[in-house]
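Have a look at the structure below, then the notes.
In this note's numbering, the protein residues as written are 1386 to 1689.
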């Protein structure tokens, strides 16, 4: 096997040289830092280091499972993740299918530019815009609601609105960028399939259903598997920026909880925060394997 590898390297050394940098990046910044996960099983003290700190086994995991906040943060995290997945997954596909049938290049480019632009706005700036728009006193949305004769709504003060604000602002920000992959997949579909469908008298909707969707299905399944693999990671910045004492009952997720107990508490709890992070990573890994196996069993595309 080694001799075969050496022969391949001699045959195409440029390709192996090009792949060297990404491999080194993954090894240095992804794999080597994994040794830090051992502090989840220790009472880690920085000046004692990994070898001097006391081993405590699963103590920090038990503390998290028995904590008052456990079920609340799990429920909020999973609720937000499933809502984001169910609402956000179809929109890039729908946008890509629609753009694919726009014949005028100027219209297509304009729509693409408008939908891509929010993705490049800083998260802090974007949240500032949304907060200003939805402000209960000066926000334009509440002014319109008041003009229509309805009571103004305190969007960020009502915990029931938090999930919808998070999910739909995310869709607005990322739908354009997310559809790029599907547009590329649509471009790879054999044009003769469309020509045959047109000859058979298929409408555009029928071509989407019978030609385009089967053509992009493998890509959609791969992206779905990868999304499920990150189900426990809803992101930290955006939730923290949207969070306030009034909506804390629905906005406290695992990432913000780890930040607060790990870094903002009186005594910094490195080990406790690491244990929670390790727990979410293991759950994500299990979900990834499960969904990948299910997709493979159903005869669809899988990651491996």
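C-beta atoms are modelled at their ideal positions from N, C-alpha and C, and glycine is treated no differently.
Return the chain-ordered list of same chain residues with a C-beta closer than 8 Å to the C-beta of residue i, the five sequence neighbours on each side being excluded.
i, result
"residue 1504", "1558, 1559, 1561, 1562"
"residue 1670", "1614"
"residue 1591", "1582"
"residue 1487", "1493, 1496"
"residue 1584", "none"
"residue 1431", "1655"
Which residues share a DSSP beta bridge with residue i?
i, result
"residue 1427", "1440"
Leaving out five residues on either side along the sequence, give the residues of the same chain with a beta carbon under 6 Å from the beta carbon of residue i.
i, result
"residue 1552", "1468, 1469, 1472"
"residue 1687", "1677, 1680, 1681"
"residue 1631", "1542"
"residue 1570", "1601, 1604"
Assuming contact is defined by CB atoms lying nearer than 8 Å, are residue i and residue j in contact in what I supplied?
i, j, result
"residue 1655", "residue 1646", "no"
"residue 1482", "residue 1597", "yes"
"residue 1639", "residue 1608", "no"
"residue 1449", "residue 1664", "yes"
"residue 1610", "residue 1680", "yes"
"residue 1602", "residue 1485", "no"
"residue 1526", "residue 1518", "yes"
"residue 1544", "residue 1634", "yes"
"residue 1515", "residue 1554", "yes"
"residue 1377", "residue 1423", "Because residue 1377 is not part of the residues shown, which for the chain are 1386 to 1689, the question remains open."
"residue 1660", "residue 1446", "yes"
"residue 1564", "residue 1648", "no"
"residue 1401", "residue 1411", "no"
"residue 1474", "residue 1650", "no"
Please classify residue i as buried or exposed, where buried requires at least 16 other C-beta atoms within 10 Å of its C-beta.
i, result
"residue 1425", "buried"
"residue 1572", "exposed"
"residue 1548", "buried"
"residue 1550", "buried"
"residue 1404", "exposed"
"residue 1458", "buried"
"residue 1477", "buried"
"residue 1489", "exposed"
"residue 1616", "buried"
"residue 1462", "buried"
"residue 1465", "buried"
"residue 1502", "exposed"
"residue 1511", "buried"
"residue 1600", "buried"
"residue 1662", "buried"
Hey, residue i and residue j are a contact pair by Cβ (cut 8 Å); roughly how many whole angstroms apart?
i, j, result
"residue 1530", "residue 1538", "6 Å"
"residue 1636", "residue 1624", "6 Å"
"residue 1627", "residue 1535", "The Cβ separation is near 23 Å, so there is no contact."
"residue 1454", "residue 1642", "6 Å"
"residue 1582", "residue 1595", "7 Å"
Determine, for residue i, whether the minimum Cβ-Cβ distance to residues of chain C falls below 8 Å.
i, result
"residue 1500", "Any reference to chain C falls outside this structure, which holds one protein chain only."
Output needed for residue i: all residues of its chain with C-beta closer than 7 Å, excluding positions within five of it in sequence on either side, in chain order.
i, result
"residue 1593", "1482"
"residue 1428", "1438, 1439, 1441, 1656"
"residue 1444", "none"
"residue 1577", "none"
"residue 1589", "1486"
"residue 1629", "1541"
"residue 1509", "1626"
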